[in-house]
Amino acid sequence: MEKKNKASDLQTHTGVEVMRCYQCGKCTAGCVLASDMNYPPSYLMRLLQTGTKQNYDKILSSNSIWLCLNCENCVGRCPMEIDIPKMMDYLRTQAIKENKLHPDSRPIISFHRSFLDSIKYTGRLYEMGLIAAFKARTFRLTQDLTLAPGMYLKGKLHLLPEKIKDRRSMKRIFAQTIENVKIEN
Amino acid sequence: MKIGFYPGCSLTGSSREYNESVVAVAKALDIELVEIKDWNCCGATAAHSMNEELSLSLPARIMALAEEQGLTEIVVPCAACYNRLKVTQHELENDNKRARVKEILQLQYKGNLNIINVLQLLEAYGAENIKAKVTQPFAHKVACYYGCLLVRPQSILKFDRVEDPQSMDSLIKVIGGNTLDWAFKTECCGGGFSVSRTDLVAKLSGNILKDASDRGAEAIIVACPMCQSNLDMRRGAINKTLQVPSNIPVIYITQAIGLALGIGAKELGLKRHFVTVEL
């Protein structure tokens with residue numbers, strides 16, 4: 626029964642039918658980070674096809690879903706046009722929900738959260754704030770210490786954030802989407 | 154010619170020179186850019202990696218505001234923003250998703266905005282018209298680097314050839330340059346991992362730079378702030394991965410065209426790069 630559930634959940638949310646993959650391996654051949662992943666894309670498709678909870682959990686707790694850059698090379702070359710990047714987005718949100726996170730996900734999630742915080746409060750990305758928040762989240766205090774002053778001198782960093790007028794709309798969007806997830810479950 | 158304009162966050166900060174060169178070239182070509190009022194961030198990779206509804210709502214607000222302002226066509230120079238807006242517009246053709254997003258935004262959204270990138274804007278303006286205004290031919294051999302987000306997914310963007318795009322190459326030829334055939338035109342530079350996984354960006358961008366360098370490129374031409382900042386600002390980390398360090402500059406297509414139109418290096422933001430530009 627588990628078999629059906631995992632594949633059909635994925636299909637309901639993304640439209641991806643994992644059984645259409647016939648393992649040609651073009652996605653893996655074109656994936657720029659395949660060699661850094663626990664399971665390269667075609668291998669991940671095969672694991673999904675088995676439909677077992679054990680294999681599904683392997684995927685959620687792998688680094689593959691976090692290292693995927695959504696460069697879209699795989700779907701561009703897939704003879705069956707299987708939307709692997711869209712599937713990756715879904716698998717990432719599931720991994721967060723189920724708290725099955727590979728250690729490689731930490732800096733990446735910290736970056737995303739720092740990025741989104743900036744948008745939530747100001748409506749636009751505040752790069753100086755993003756870097757500071759990322760450092761605080763990851764304790765990478767010395768990273769890019771030389772880059773930031775260079776950026777500032779070249780006029781690439783604002784000292785203060787740019788704020789949109791209708792910041793309430795941002796609060797509403799966040800409250801009804803990403804902050805609403807916990808209530809739904 | 155008058156067109157709506159969505160600059161996006163990068164163009165107000167780390168990629169100011171892209172904005173400066175877009176504005177300068179538009180002015181030289183008598184294209185009036187009308188900025189979308191009170192625009193917000195498109196959400197970029199962070200939003201679609203973390204929450205689908207958020208990733209649709211942020212670009213939808215931008216498009217709704219543009220529609221409200223009476224704009225029918227907008228140009229989006231940042232390849233990442235361009236991609237997010239186009240993909241969102243496509244996703245919102247689904248009735249359920251559109252209804253949900255309208256409920257979140259509490260704004261009208263028709264979804265009929267024509268969204269184009271900078272290469273399309275320049276193409277629409279006309280190669281012959283640009284050629285007529287060239288005062289200092291851009292006589293350089295360059296590698297045109299498109300990256301991912303300008304061309305993929307092709308089924309949605311429907312722009313240029315997906316494996317060997319030509320639009321930027323054509324524009325470079327119009328202003329008097331030569332373009333290289335090379336292997337990394339649409340390979341990923343590492344995108345949004347610049348801060349979180351600089352090591353991977355150095356590796357991927359290193360492969361790109363090495364191929365351009367081996368083939369004798371004098372510059373790499375881009376139309377994406379993430380490609381530019383990874384290849385330029387991360388040059389120190391990139392060069393550590395290369396046997397032969399490279400000092401090839403990475404400039405925007407609008408900077409190359411600006412130079413050919415006789416616009417000054419400072420006005421085009423060419424002094425803001427980390428790798429010195431001497432073209």
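Protein chains in written order, with my numbering: chain A, 626 to 810; chain B, 154 to 432.
Backbone N, C-alpha and C fix where the C-beta goes; we use that ideal spot for every residue, glycine too.
Just so you know, these numbers come straight off a predicted model, no measurement behind them.
Spanning the alpha carbons of Lys326(B) and Thr332(B) requires a straight line of approximately 7 Å.
As the crow flies, the alpha-carbon of Lys725(A) is around 15 Å from that of Ser735(A). Within chain B, the residues placing a beta-carbon under 7 Å from that of His737(A) are Ala199, Ser202, Met203, ordered along the chain. Relative to the Cα of Ala213(B), the nearest Cα in the group Trp192(B), Gly223(B), Met203(B) belongs to Trp192(B).
Below the 9 Å Cβ cutoff, chain A contributes Leu772, Gly775, Met776, Lys781 as neighbours of Met386(B), in chain order.
Nearest Cα to Tyr159(B) within the set Ala219(B), Asp352(B), Gln307(B): Ala219(B).
At a Cβ-Cβ threshold of 8 Å, Ala413(B) and Phe291(B) count as neighbours. Note on geometry: alpha-carbon atoms of Asp313(B) and Arg702(A) lie some 15 Å from one another. Annotation note: the region 352-395 of chain B contains the following uninterrupted alpha helix (DSSP H) runs of length 4 or greater, listed N- to C-terminal: 378-386, 388-394.
For the set Phe799(A), Ser730(A), Ala654(A), Ala761(A), the Cα lying nearest the Cα of Ser686(A) is the one of Ser730(A). With respect to the 8 Å criterion, Gln801(A) and Ile257(B) are classified as neighbours on the basis of their beta carbons. Following the DSSP letters along the chain, one finds Gly655(A) inside the alpha helix (DSSP H) bounded by residues 651-655.
For Ser399(B), the nearest beta carbon of chain A is not closer than 8 Å to its own beta carbon.
Using a Cβ-Cβ cut-off of 8 Å, Ser349(B) counts as an interface residue toward chain A, since at least one Cβ of chain A sits closer than that to its own. Where Lys796(A) is concerned, the enclosing alpha helix (DSSP H) starts and stops at 792-801. Burial check for Asp322(B): the Cβ neighbour count within 10 Å reaches 16 or more, so the residue is buried. Between Ile690(A) and Ser349(B) a beta carbon distance of about 15 Å is seen, past the 8 Å cut, so the two are scored as non-contacting. Between Ser163(B) and Thr407(B), the CB-CB gap reaches or exceeds 8 Å. Within chain B, no residue has its CB atom less than 8 Å from the CB of Leu635(A), the nearest being about 13 Å off. Using a CB distance below 7 Å, the part of the region 285-315 of chain B facing chain A consists of Cys301, Arg305, Pro306, Gln307, Val315, ordered along the chain. Within the region 737-752 of chain A, contact with chain B at the beta-carbon level (separation under 9 Å) is assigned to His737, Arg738, Ser739, Phe740, Leu741, Ser743, Ile744, Thr747, Gly748, Arg749, Leu750, Tyr751, Glu752. Using a Cβ-Cβ cut-off of 8 Å, Phe799(A) counts as an interface residue toward chain B, since at least one Cβ of chain B sits closer than that to its own. Contact check for Arg305(B) against Glu697(A) passes: the beta carbons are separated by less than 8 Å. Leu357(B) sits close to Gly343(B), with the two beta carbons spaced by under 8 Å. Two segments are said to touch when three or more pairs of C-beta atoms, one from each, lie closer than 8 Å; by this definition the region 179-187 of chain B does not touch the region 771-791 of chain A. In this structure, the alpha-carbon of Gln648(A) lies about 12 Å from that of Ala654(A). For Val315(B), same chain residues with a beta-carbon under 8 Å away, outside a window of 5 residues either side, are Val304, Arg305, Gln307, Thr339 in chain order.
Judged by DSSP secondary structure, Tyr405(B) falls within the beta strand (DSSP E) whose first and last residues are 403-405. Within the same chain, Cβ atoms closer than 6 Å to the Cβ of Asp708(A) are found at Val641, Val700, the five residues on either side in sequence being excluded.
Restricting attention to Val176(B), Arg388(B), Gly196(B), His293(B), the CA atom closest to the CA of Asp742(A) is found in Gly196(B). A Cβ-Cβ distance of about 4 Å is found for the pair Val643(A) and Leu673(A), placing them in contact under the 8 Å criterion. With distances taken between CA atoms, Gln242(B) lies nearest to Gly264(B) out of Pro402(B), Gly264(B), Ala200(B), Pro378(B).
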